Amino acid sequence: MGAYILRRLLGAIPLLLGVATLIFFVLALAPGDPTAAYFSPNLPAEVLEQIRRNFGLDQPIYIRYFKWLGSFLTGNFGYSFAQSRPVADILLEALPNTLILAGVSLALVFLVGVISGVVQAVRQYSLLDGALSVITLFFYSMPSFWLALMLMLIFSLKAHEWGWPIALPPTGITSVDYEFLSLGERIRDRVVHLILPVTTLTLALAAGVARYTRGQMLEVVRQDYIRTARAKGLPERQVILRHALRNSLIPVVTLLGLYLPFLFSGAVFIEVIFAWPGMGRIIVDAIFMRDYPLVMATSFLFAVMVVLGNLIADVLYAVVDPRIRYD
Amino acid sequence: MRKWLGAAVLLLFMTACGGGERGGAGGETIVVGLRADLGGFNPVTNSDQYTGELINFALFTPLVQYDSSLAVKPHLAESWEMQGDSGVVFRLRRDVKWNDGRAVTAEDVKFTFDLAKDSSSASLLGSAFLANVASAEAVDSFTLHFRFVRPHAQALEDFWWAPLPKHLLENVAPSELRNAPFNRQPVGSGPYKVVERRANERIVLERNPDYPEGLGGPPPAQRIVLRVIPEPSTMLTELTTGGVHVDIPVTPDQTETIEKNQNLRLYAFPGRSLWYIGWNNSREPFTDPNVRRALALGINRQEVIDALLFGQGEIATSTVPPWHPLYPENVRPLPFDPEEAGRLLDAAGWRDSNGDGIRDKNGRPLRFEMLSSDATLNRSVVEQLQAQYRRIGVQVVPRTLEFQTMLAQHKARDFDAVFSSWVLDNFQMASAPMALFHSSIARTPLSTNRSAVQIPALDRLIDRAATTTDEQQLRGIWSEMTQLLQREQPITFLYWLNELAGTQSTMEGVEMAPPGEFMTIGKWRLNR
Amino acid sequence: MTERDPQVTKNPRDATNVGDPQSGLPYSVPVNGLPPEPAEPLPARASSGALIASAIIPGSGHVISGAPGRGIVFFASWLVFVAAVLLGAGHIRTLPQTGSLDDYIATCTVFVGLLGVWGYALYDLTGARARRLAQQGDSQWQIAVRHFKKSKLALAGLAVLALLYLIALIAPLIAPYDPIAQENVIQTSYLPPSAGHWLGTDRFGRDILSRILYGARISLSIGFIATAISVTLGTLLGAIAGFFGSKADAMIMRFTDMVLAFPRLVLLIMIVALFSPSITVIILVLGLTQWPNTTRIVRGDVLSLREREFIQAARALGFGRWRIILRHLIPNVLAPVIVTATLGIGNTIVLEAGLSFLGLGVQPPTPSWGNMVADGRDNLLGAWWVATFPGLTIVAVVLAFNLVGDGLRDALDPRLRT
């Protein structure tokens, strides 16, 4: 197993380098200029040229590439053009926010998805199955930004207008006077601010997990050993929860690895609408402003997440299913 | 079981990190919602509008200051003495201090001036606003002598900028100034200071108790928190539900909603951004001034303002805004006259010979691309213009590009027509036409004369407007220039967009005028 | 999931059972020995009364003859076409003067549909169809269809899709207003839903309902074409990777991994910035970034099919490799591909909406559901209808695709049938 992991990691290095190089050249060739972040109509052309020179953009592309590669491999991600500070600082600031949002959402997605999938499988073709199917698919079919806007409209604006007791704040990680709250109030504050973004993400993704779980459960339930367990007279609950569920969760768990990169960058819309300062917004803003160092660093991180995610999924699969062998 | 444990750990983790650094009395906190994060708070390297306003009104003390009357007032400079046409001597106040306690002196001002003029700092301030100021000399700790390059109009307006602390920045190389960590949380001298900054999230300002009484004294509010909320609907939701007290800016669509709401107040004041259609004067058919005039006569600018801007704009005649003292009252803008437009186009040879509703000449239809950025408002204006042009037989093909791409094409003069804007960074009126229309840079690659305008009479007027110091004469020159611009239409001026902001009705002391939304931030307070 | 070679894993779930393990032939009889469920019984001969009734109102004949289910379906379809004719009556009358190709196609569709429903109802009633079917026996696909019909949800989804397709064709007839023209912008802008404008107007005074109807065309075209591209590409690549193995397999999977590791957002924004966003560019971009899913699935299936006797027999007979791939392998892996394609169309529609949110989607004034939602978000508080209704439409349509896809998956995968 260890050798397998090592091989995969080594094999991933050329992949990551390839992706990074490709992104670098695509960026360099795309029209547009990072100096536009400093754009003012009154700025004379020579001054813009000077800014470009300060960024090192006046050098030919190959030199820029090797310089970037050199500093990148030694861990120096450079300075962001738009924010004028080290890229590493920017990433470190945004990463915890994304992790919180992604972590809580991922946990809820699996909780809701697995429960829904199990119920659907156990009661296949019943009304409950149909209803759950429709509900989860209903939310899965929504563009996430539309769902975010509607939720905000209903639970923030209209709730406030109609005086509901639970009117949720639409933006921010914490309230403005967070520093002056007691510990209990602080916890409550954070949770309340998380509700809208997490709900949007969870609703959008839970259906995928639910359907997959349902499929797996249906297969497992038809296996011989389940029939044996029932024939032995075990209560149905035990049959389902102790025998069927454990075996069907195996591939579902590997989904964890696959959802990882998506949560990293896929929450862009939610971050924009709910003003959540996470990685997704950083990536999009950086691309629009042609902030090369930042785009390179975040794209590279994303590719790393994808590779790691796949690796985790495969390793987990092998770990929990003793029939799988890698060499 | 494990799930609950995990959840509890997660919650503890969440509360432990972030927040909670500063203790402090509760005090009064004003929350401001912004659409985008601000840049570095450095007067030399900044080029962003709102960042500049905060620099001038909240964090630093510029030499001169503006209020709603648009007259230049003393600020850091207690008094001044013009040395004829060739220079000015400023005497500084003695009671202004940096946040670390040291006094603000003439050395700081000179240091900042030199930094700005150093080309390797790539400063907008130095290159654009101080173009006519040659040197600075600190006569003593509180007296400064500036020498001009040449006599020029509105000389005092060159000095609306603030000094940086020399003792903190003198070891920073000018080319590295933009990246200096100082810019994130500067040591300033204004009514507020930055105490916390989280990128793309919030900036916390705290009142400066040492702000001199002579300049208004410490502000009434204890803290101001600037929050970044990118989505306009979310911003308005926060304003409506009380999450923020001030929204800067709001979109024209939202003005009606705000006005209908009793708890909110709308601020709309004439702005500094001019929206225009840039014709590529070096391409057919825009080489003919009659065609350009016809194209200007054929659009109903008031309809665009009423329909898309919900009335929040004013028709433009030149680069001088209607609220500025130098605005020539006697010059009328071009009317909406489609018949005259049709006549002019007919006379220029553009007639509809094949009955398809589009004029043509020598087999070529009167059809061109109009570029715009992908902002909703810009796209909508181009769509409406397209519909208006259709009625006089001109076919416009709108092309929406991402802002960067559009800018690149605009600068490279690779366009037929473009719908874009020009923002006045200060109140020096001569800088705009100099940048936009002077033929000396009409062929220079990537210069600001992107429409390739080459009109010798215009050049002469621009040169005179830049150097004349007599006010009467200056007015006459601007009047003539505006008339020429209306005749020639090198670009077609559409409108000045109002700046829009919304506040809760409980806010007091808020006054917004052309110098900026944050003009009276030193006096903002909440009335509970 | 990624590079696991199915031959190495002992996981029996990875092999797809599309055929009998003994003979290697695809199934032509039901798996678990149950008899094929008969369709709703029809009388061998319908009474002449029923025939005449059906000639007037399709479906009534079925109800009289004791098959109300089918009767209602026929009746409902017939109603839809009649409604279309009535709604578009004014338009149809002025056709000779103002007609464009669009309008002619729409009118033809409506009349062909109307007559078609009538005719098919009569044909069905005479029992000719049931007799023909009884002679043929059941193929794998007919079994799948029967299973599909068991799921009410899937059928509902199918009905919605059929309706959608119809709307896309006849939009010019039934849309009350022109979706692009701007008249009297100041008076008609941002009107709330009312009798004159059922779904309200947008900032330019354009009718939302009409724009949604026309938007169906754009969204459907983008969905279908982009998915077709991605599925075709994915299937071909997956089949090649699975069949040829070793070097080709490794290369293709590496390439797939690279495409997957590339942040899609970056790619989309870059491409759209380089070539400004037109429908063609959007279709190409969406199509060329979605194929890895299909490739993986097809590769897995092909790998397990490759060793089956029928493939070995084909090889022994000397068939060329491409002939084997195209005529023997691919038809047998079509089942999951169809499912992926159906789900992919829904996914593509949502992606296009996402692109529009970032300003990179279909450009106005052409209405697409995505850019309508994006337009409406600026004044969400003052005019909620501009963003809400197109969003609901997206949800309904994508839900329909997902329901149909689910139904197809249940119907085509023998392991999931009860």
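Residue numbers (my numbering), protein chains in the order written: chain A, 50 to 376; chain B, 1023 to 1550; chain C, 199 to 616.
Using N, Cα and C, we set each Cβ at its ideal position, and we do this for glycine too.
A quick note: this is a predicted structure, and the numbers were derived from the prediction, not measured.
Exposed or buried, what is residue i when buried is set at 16 or more other beta-carbons lying within 10 Å of its beta-carbon?
i: residue 270 of chain C; result: exposed
i: residue 1371 of chain B; result: exposed
i: residue 352 of chain A; result: buried
i: residue 1352 of chain B; result: exposed
i: residue 203 of chain C; result: Note that residue 203 of chain C scores a pLDDT of 34, beneath 50, so its modelled location is shaky; the value from the coordinates is reported in the next line. So residue 203 of chain C counts as exposed.
i: residue 1171 of chain B; result: exposed
i: residue 1361 of chain B; result: exposed
i: residue 1521 of chain B; result: buried
i: residue 278 of chain A; result: buried
i: residue 1377 of chain B; result: exposed
i: residue 263 of chain C; result: buried
i: residue 218 of chain A; result: buried
i: residue 1199 of chain B; result: buried
i: residue 1104 of chain B; result: exposed
i: residue 577 of chain C; result: buried
i: residue 310 of chain A; result: buried
i: residue 516 of chain C; result: exposed
i: residue 278 of chain C; result: buried
i: residue 432 of chain C; result: buried
i: residue 437 of chain C; result: buried
i: residue 281 of chain A; result: exposed
Looking at residue j and residue i, is the spacing between their C-beta atoms short of 8 Å?
i: residue 316 of chain A; j: residue 150 of chain A; result: yes
i: residue 1210 of chain B; j: residue 1081 of chain B; result: yes
i: residue 1063 of chain B; j: residue 1208 of chain B; result: yes
i: residue 1335 of chain B; j: residue 1518 of chain B; result: yes
i: residue 540 of chain C; j: residue 435 of chain C; result: no
i: residue 256 of chain A; j: residue 303 of chain A; result: no
i: residue 94 of chain A; j: residue 1147 of chain B; result: no
i: residue 1513 of chain B; j: residue 1298 of chain B; result: yes
What residues from the stretch 1304-1336 of chain B come within 8 Å of chain C, judged by C-beta to C-beta, listed N to C?
1325, 1328, 1329 and 1330
Does the contact criterion of 3 or more C-beta pairs under 8 Å hold for the stretch 567-580 of chain C versus the stretch 540-551 of chain C?
yes
Does the stretch 235-243 of chain A come close enough to the stretch 164-174 of chain A that 3 or more CB-CB pairs lie under 8 Å?
no
What are the residues in the stretch 313-334 of chain A lying within 8 Å of chain C by C-beta distance?
314, 317, 318, 332 and 333
Unbroken alpha helix (DSSP H) runs of length 4 or more, entirely within the stretch 1053-1123 of chain B: which are they?
1071-1076
Got a sec: which bits of the stretch 186-218 of chain A sit with their beta carbon under 7 Å from any beta carbon on chain B, in order along the chain?
198, 201, 205, 206, 209, 216 and 218
With 7 Å as the limit, tell me which residues of the stretch 1392-1424 of chain B have their beta carbon closer than that to any beta carbon of chain C; keep them in chain order.
1396, 1398, 1401, 1402, 1405, 1406, 1409, 1421, 1422, 1423 and 1424
Contiguous beta strand (DSSP E) assignments of at least 3 residues, all confined to the stretch 1225-1274 of chain B:
1245-1250 and 1268-1270
Please give the ranges of any beta strand (DSSP E) in the stretch 1263-1333 of chain B, keeping only runs that are unbroken, at least 3 residues long and fully inside the region.
1268-1270 and 1286-1301
Curious, which full-length beta strand (DSSP E) runs of at least 3 residues does the stretch 1381-1445 of chain B contain?
1389-1395, 1417-1423 and 1439-1445
Using 8 Å as the threshold, is the stretch 1333-1346 of chain B in touch with the stretch 1290-1306 of chain B, meaning 3 or more CB pairs across them?
yes
Going along the stretch 378-394 of chain C in order, which residues come within less than 7 Å of chain B, judged by CB to CB distance?
380, 383, 384 and 387
In the stretch 551-573 of chain C, which residues sit with their C-beta less than 8 Å from some C-beta in chain A, listed in chain order?
551, 552, 555, 556, 568 and 571
Near-chain A residues of the stretch 1260-1286 of chain B (beta-carbon distance less than 9 Å), N- to C-terminal order
1260, 1262, 1263, 1264, 1265 and 1266
Inter-stretch contact at 8 Å, needing at least 3 Cβ pairs: the stretch 1242-1252 of chain B / the stretch 1125-1137 of chain B
no
For the stretch 403-423 of chain C against the stretch 374-390 of chain C, are there 3 or more C-beta pairs whose distance is under 8 Å?
yes
At least three beta-carbon pairs within less than 8 Å, the stretch 1302-1309 of chain B to the stretch 1085-1104 of chain B
no
Pairing CB atoms from the stretch 218-232 of chain A with CB atoms from the stretch 317-337 of chain A, are three or more of them under 8 Å?
yes
Could you check whether the stretch 1450-1459 of chain B touches the stretch 1159-1176 of chain B, counting it as contact only if at least three pairs of C-beta atoms, one from each stretch, sit closer than 8 Å?
yes
Any contact of the stretch 241-253 of chain A with the stretch 146-162 of chain A, i.e. 3+ C-beta pairs under 8 Å?
yes
Decide if the stretch 473-489 of chain C is in contact with the stretch 440-453 of chain C; the criterion is three or more beta carbon pairs, one per stretch, under 8 Å apart.
no
What residues from the stretch 1137-1151 of chain B come within 9 Å of chain A, judged by C-beta to C-beta, listed N to C?
1141, 1142, 1143, 1144, 1145, 1146, 1148, 1149, 1150 and 1151
Which residues, taken in chain order from the stretch 1335-1355 of chain B, show a beta carbon closer than 7 Å to some beta carbon of chain C?
none
Members of the stretch 1513-1536 of chain B that neighbour chain A once the beta carbon cut-off is set at 8 Å:
none
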